[in-house]
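Trainee:
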Amino acid sequence: MRICKQCNSEMINGFDIKIDGAGYGIKITKNSTIFSEKIEKPKVAICPKCGEVSLYIEKLEKILSK
Ligand SMILES: [Zn+2]
819 MRICKQCNSE MINGFDIKID GAGYGIKITK NSTIFSEKIE KPKVAICPKC GEVSLYIEKL
879 EKILSK
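When you read off a place in the sequence shown, starting at 1, and then add 818, the result is the number in this note's numbering.
Written out as structure tokens, the structure reads:
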């Protein structure tokens, strides 16, 4: 469970990021080159009270064990 850092409400997890017109989404990488290793697509949590949007990575332990 994620708590909104603005109003301390419980956030709704699991939204996907989509970018209109591009269709490739956002990738998180370890370095900035185009050939860099893909890590994970970030997920989005949204606060239903104030609309705060928060990005997070779901499989963090997989990334950190690399
Ligand atoms: Zn909030």
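Where a beta carbon is used, it is the ideal one built from N, C-alpha and C, also for glycine.
Look at the alpha carbon of Lys861 and the alpha carbon of Arg820, and state the distance between them as a whole number of angstroms.
Mentor: 12 Å
Trainee: Between the Cα of Met829 and the Cα atoms of Lys823, Leu878, Cys865, which residue gives the shortest distance?
Mentor: Cys865
Trainee: Is it buried or exposed, Cys822, if we count other Cβ atoms within 10 angstroms and call 16 or more buried?
Mentor: buried
Trainee: Ignore the nearest five residues each way along the sequence and tell me which others in Ile876's own chain have a CB closer than 8 Å to its CB.
Mentor: The sequence given here places Glu at residue 876; Ile does not occur at that position. Counting only Cβ-Cβ distances below 8 Å, and skipping sequence neighbours, we find Glu858, Lys861.
Trainee: Quick one: is the Cβ of Glu870 within less than 7 Å of any heavy atom of ligand 1?
Mentor: Glu870 Cβ: within cutoff of ligand 1.
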